[in-house]
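Chemist: Mind looking over this structure? Questions follow.
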Amino acid sequence: LEKLAEFDFEVVHRPGKKHQNADALSRRACRQCGSGDDSSNVHVAAMALDSASPVERWQKEDAECMQ
Numbered sequence: 392l393e394k395l396a397e398f399d400f401e402v403v404h405r406p407g408k409k410h411q412n413a414d415a416l417s418r419r420a421c422r423q424c425g426s427g428d429d430s431s432n433v434h435v436a437a438m439a440l441d442s443a444s445p446v447e448r449w450q451k452e453d454a455e456c457m458q
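What follows is the structure in structure tokens.
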């Protein structure tokens with residue numbers, strides 16, 4: 392949260408039906424309507440970059456990323 396304090400932004404609620412581009416990870420399963428699978432069937436892959444990665448170095452050198 393401290394990092395976000397550096398930016399001037401406003402959070403605005405947007406109803407779910409206005410989220411045309413929502414993906415599977417941003418929508419909660421609806422048990423009443425039967426549109427949700429058991430959460431034990433969900434697999435998430437993660438990738439860890441070491442701190443000296445080229446991506447991190449490129450971001451630090453990119454003026455747009457530093458804003």
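Each residue of the sequence shown is one higher than the one before, starting from 392 at the first, in my numbering. Glycine included, C-beta positions come from ideal geometry on N, C-alpha and C.
1) Along the chain, where does the alpha helix (DSSP H) that runs through K451 open and close?
2) Return helix, strand or coil for A436, following the three-state DSSP convention.
3) What is the rounded straight-line gap between the Cα of S402 and the Cα of R448?
Modeler: So, to answer that:
1) The count along the sequence shown starts at 1 and reaches residue 451 at position 60. P445 to E452 is the span of the alpha helix (DSSP H), which, as asked, contains K451.
2) Taking the first residue of the sequence shown as position 1, residue 436 is located at position 45. Residue state, collapsed to three classes: coil.
3) What you label residue 402 is simply residue 11 of the sequence shown in a count that begins at 1. What you label residue 448 is simply residue 57 of the sequence shown in a count that begins at 1. For clarity, residue 402 is Val in the given sequence; the question names Ser instead. Near 30 Å, if we compare the C-alpha coordinates of R448 and V402.
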